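> Numbering (our numbering), first residue to last: 575 to 666. Ideal placement from N, C-alpha and C gives every residue a C-beta, glycine not left out. As the structure is a computational prediction, the values presented were derived from the model and not from experiment. Quick one: structure below, then a few questions.
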Amino acid sequence: MSRNASFDQPDRFTVGAVGEPGERVFYLQATQAADVLTLRLEKQQVAALATYLEGVLADTGGAPTLDPSIPLALVTPIEPDWTVGSLAIGVE
Numbered sequence: 575m576s577r578n579a580s581f582d583q584p585d586r587f588t589v590g591a592v593g594e595p596g597e598r599v600f601y602l603q604a605t606q607a608a609d610v611l612t613l614r615l616e617k618q619q620v621a622a623l624a625t626y627l628e629g630v631l632a633d634t635g636g637a638p639t640l641d642p643s644i645p646l647a648l649v650t651p652i653e654p655d656w657t658v659g660s661l662a663i664g665v666e
């Protein structure tokens with residue numbers, strides 16, 4: 575769990591959970607071409623990220639149109655590159 579990644583134009587960004595309620599593990603994945611980055615997060619981090627991104631979308635004119643041909647399920651096998659300790663977002 576120590577690789578570096580930089581996605582200038584990611585083509586997919588999704589969050590999913592694995593396991594039974596109460597025992598779930600949450601993951602965020604970003605992909606660009608064949609490269610997949612998987613982060614392991616806590617449920618509260620996913621909720622905070624979703625709340626923040628809802629605000630960004632509201633401030634910028636709403637949600638983008640989703641392409642139904644892009645699957646939202648996590649890419650398997652799920653092997654996290656990092657476990658997120660703290661989460662910060664920057665917008666340019």
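Just to confirm the assignment, what range does the alpha helix (DSSP H) spanning L623 have?
Translated into the one-based positions of the sequence shown, residue 623 becomes position 49. Per DSSP, L623 belongs to the alpha helix (DSSP H) from 617–633.
> Who are V610's beta bridge partners in DSSP?
In the sequence shown, residue 610 corresponds to position 36, counting from 1. Note: V610 sits in a beta bridge opposite T605.
> Give the straight-line distance between the Cα atoms of R586 and A604, rounded to the nearest whole angstrom.
Against the sequence shown, residue 586 aligns to sequence position 12. Against the sequence shown, residue 604 aligns to sequence position 30. If I take the Cα positions, the gap works out to 6 Å.
> How many Å lie between F600 and E628 at the Cα?
Walking along the sequence shown from the start, residue 600 turns up at place 26. Walking along the sequence shown from the start, residue 628 turns up at place 54. The straight-line gap from Cα to Cα measures roughly 19 Å.
> Answer yes or no: do L623 and L661 have a C-beta to C-beta separation smaller than 8 Å?
Looking up residue 623 in the sequence shown gives position 49. Looking up residue 661 in the sequence shown gives position 87. Their beta carbons are under 8 Å apart, which means L623 touches L661 by this criterion.
> Across which residues does DSSP place G590 in a beta bridge pair?
Start at 1 with the first residue of the sequence shown, and residue 590 comes out as number 16. Answer is Y601, bridged to G590.
> On the CB-based measure, 16 or more other CB atoms within 10 Å of its CB, does L640 come out buried or exposed?
Counting from one through the sequence shown, the residue named residue 640 turns up at place 66. Answer is exposed; the Cβ neighbour count stays below 16.
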